[in-house]
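Report on the structure given below.
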Amino acid sequence: MTSAVVQNDFIDVVRLIEATRQKSYQAINTALIELYWQVGAYISGKISTSQWGDAVVTQLANHIAQTHPGLRGFTRRNLFRMRQFYETYRDDEKVSALLTQLSWTHNLIILSQSQYPEEREFYLRQSVQENWSTRELERQFKTALFERTVLTPPKVSAVVAQTHPTGATAFKDAYMLEFLGLPTGHSEAQLQQGLLQQLKAFLIELGSDLKWSNKAGHFQRHIIMSAEVKNEQNR
1 MTSAVVQNDF
11 IDVVRLIEAT
21 RQKSYQAINT
31 ALIELYWQVG
41 AYISGKISTS
51 QWGDAVVTQL
61 ANHIAQTHPG
71 LRGFTRRNLF
81 RMRQFYETYR
91 DDEKVSALLT
101 QLSWTHNLII
111 LSQSQYPEER
121 EFYLRQSVQE
131 NWSTRELERQ
141 FKTALFERTV
151 LTPPKVSAVV
161 AQTHPTGATA
171 FKDAYMLEFL
181 GLPTGHSEAQ
191 LQQGLLQQLK
201 AFLIELGSDL
211 KWSNKAGHFQ
221 RHIIMSAEVK
231 NEQNR
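In UniProt numbering, the protein residues as written are 1 to 235.
Have a look at this one:
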């Protein structure tokens with residue numbers, strides 16, 4: 001039987017393998033994005049100087065397919081995407097370093113679904129920082145994250161801003177305070193009372209044995225005691 005020490009050694013080796021694989025993937029991805037950039041720049045230059053038309057790009061795609069049948073990613077559609085990719089970001093030095101940190105699919109999603117340069121930069125940075133999968137990136141577009149957090153950021157009351165500087169993060173949903181039924185210019189006491197009332201309603205739904213006190217100071221003790229009772233009953 002393998003000892004725990006040896007098992008830990010095995011884990012260390014696997015981590016080394018995984019780290020190297022990740023570095024290799026990133027290196028390959030960087031090279032691929034740079035290649036697409038260069039191809040896009042080449043096509044853009046030819047078309048902008050009227051040396052090529054759209055038909056020539058189609059011929060190029062056919063030529064690559066015939067001479068390199070195993071080489072994927074150079075269809076007519078993708079070649080035009082490379083051109084768009086280059087022309088979109090060629091003068092935007094702020095995001096140039098981000099492009100190679102994301103897959104081609106990530107870049108295409110952002111390129112096709114963003115309406116403004118600021119929106120593209122937002123999703124590029126968020127994708128890198130949060131390590132979003134392509135599925136998660138598409139979900140964030142569908143939920144209009146950029147519009148909700150940048151164009152129309154949630155309104156946080158003065159009380160929340162003063163008492164909890166990170167309140168903007170906690171109350172990302174702009175409907176949160178409306179849900180609590182708070183008036184404009186509410187006090188901290190009203191904010192606390194609103195939260196407690198909603199918690200009370202929630203706990204009542206959980207069961208009648210959950211005790212409640214309107215005093216915030218007694219809230220935690222009652223919850224702990226009630227939870228202990230429930231645990232004993234379930235044993």
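In this text, a Cβ means the ideal position worked out from N, Cα and C, and glycines have one as well.
Being a predicted model, the structure only gives us computed values, none of them experimental.
_Does GLN129 pass the burial test, meaning 16 or more other C-beta atoms within 10 Å, or should it be called exposed?_
exposed
*Comparing alpha-carbon positions, which option in SER96, ARG125, GLY40, THR143 lies nearest ARG77?*
GLY40
_Check this for me: beta carbons of THR75 and ILE33, under 8 angstroms apart or not?_
no
*Give the single residue among SER114, GLN84, GLU118 whose Cα lies nearest to the Cα of TYR36.*
GLN84
*asked:* My output table needs one value for ARG72: the three-state DSSP class, helix, strand or coil.
replied: coil
*From PHE80, ARG72, GLN113, SER3, pick the residue whose C-alpha is nearest to that of THR143; which is it?*
GLN113
*So, TYR86 versus VAL95, is the Cβ gap smaller than 8 angstroms?*
no
*Grab the span of the alpha helix (DSSP H) containing ASN8 for me, first residue to last.*
4–48
*Would the C-beta of TYR42 count as close to the ligand SAM, meaning under 7 angstroms from any of its heavy atoms?*
Within the structure as shown, the ligand SAM is missing, as the structure has no ligands at all.
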